[in-house]
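Below: the structure, in structure tokens.
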Amino acid sequence: MRAYIFGLIGLVFAAQVSAFSLSDLQQNPTGEGLKSMLEQSTQIAVAQLSQPGGFSNNPNVHIGLPGNLGKAARAMKMLGQGKQVTALENSMNQAAEQAMPEAQALLLDAIKKMTISDAKGILAGPNDSATAYLDRSSREQLRSRFLPIITQATQSSGLAQQYNEFAGQAVNFGVIDAKNASIENYVAEQALDGLFTIMAEQEASIRQDPAQAAGDVAKKVFQLLR
1 MRAYIFGLIG LVFAAQVSAF SLSDLQQNPT GEGLKSMLEQ STQIAVAQLS
51 QPGGFSNNPN VHIGLPGNLG KAARAMKMLG QGKQVTALEN SMNQAAEQAM
101 PEAQALLLDA IKKMTISDAK GILAGPNDSA TAYLDRSSRE QLRSRFLPII
151 TQATQSSGLA QQYNEFAGQA VNFGVIDAKN ASIENYVAEQ ALDGLFTIMA
201 EQEASIRQDP AQAAGDVAKK VFQLLR
């Protein structure tokens, strides 16, 4: 009986230590472990997506034509008539890759501004909650940074004007959504989606295996959450 009681006391004490440690990490200072993890996932995602083929060679983030245009494009490729479609898609993916380096400084700045309240919400959230926080807090600014670079890159291909003219008409027939009628806006949104997709993958991976975290504080945070 004595051993059983001491065992229960030990379990309670361990739980209290764990709870204290997690609380302490949330306050010390402003979720440094989370910041470290987000900095790591940001740097990995930007490095991966900004290299040649970062978008075009990754099926999870590859940018194809939107809506029913994409379906028609795939059919044209299967019939051996998709040369111009492939050129346009290559242009879109390369534009996203060229814009990606603009993301790093802005995201790192957003990470520094994370509050204790933000950190608590993220720690209690799902496997992509830290990435979702950055998406909410940074997407508009990132889009503004991306658009000029994407516009320059797509215009240089000579195919952007043809897309915009055709897409403008396609909207009237419900072939694509109005938000995708501009190639620049479409590629910017797809680039942002791709960025946060890769960051979410990194976050989930670190949550599942804290040993992957670059910093000791980040390791401790996610070990406590498991």
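In the UniProt record's numbering, the protein residues as written are 1 to 226. Glycine residues also receive a C-beta, built at the ideal position from the N, C-alpha and C atoms. Computed from a predicted model, the values in this text were never measured in an experiment.
Three-state class that DSSP yields for residue i in the structure shown
| i | result |
| --- | --- |
| residue 239 | A question about residue 239 goes unanswered here, because the residues of the chain that appear run from 1 up to 226. |
| residue 196 | helix |
| residue 64 | coil |
| residue 105 | helix |
| residue 99 | helix |
| residue 25 | Confidence at residue 25 is low in this model, with a pLDDT of 45, below 50, so its placement is unreliable and the value that follows should be read with caution. Correct three-state label for residue 25: helix. |
| residue 33 | helix |
| residue 116 | helix |
| residue 171 | helix |
| residue 166 | helix |
| residue 176 | coil |
Inter-residue CB distance, residue i and residue j (contact presumed, cutoff 8 Å)
| i | j | result |
| --- | --- | --- |
| residue 181 | residue 167 | 5 Å |
| residue 183 | residue 49 | Wrong, their Cβ atoms sit about 19 Å apart, outside the cutoff. |
Residue i, buried or exposed, once every other Cβ within 10 Å from all chains shown has been counted against 16
| i | result |
| --- | --- |
| residue 99 | buried |
| residue 35 | buried |
| residue 45 | buried |
| residue 203 | buried |
| residue 211 | exposed |
| residue 87 | exposed |
| residue 151 | buried |
| residue 115 | exposed |
| residue 207 | buried |
Should the region 85–95 be regarded as contacting the region 127–144, the criterion being three or more beta carbon pairs within less than 8 Å? Contact between the region 85–95 and the region 127–144 is absent, because fewer than three Cβ pairs lie under 8 Å.
If you pair each beta-carbon of the region 53–73 with each one of the region 181–199, do three or more pairs fall below 8 Å? Segment contact: the region 53–73 against the region 181–199, three or more CB-CB distances shorter than 8 Å; contact assigned.
Mind the definition here: the region 135–151 touches the region 99–110 only if three or more C-beta pairs lie below 8 Å; say whether that holds. The region 135–151, when compared against the region 99–110, does touch it at the 8 Å Cβ threshold.
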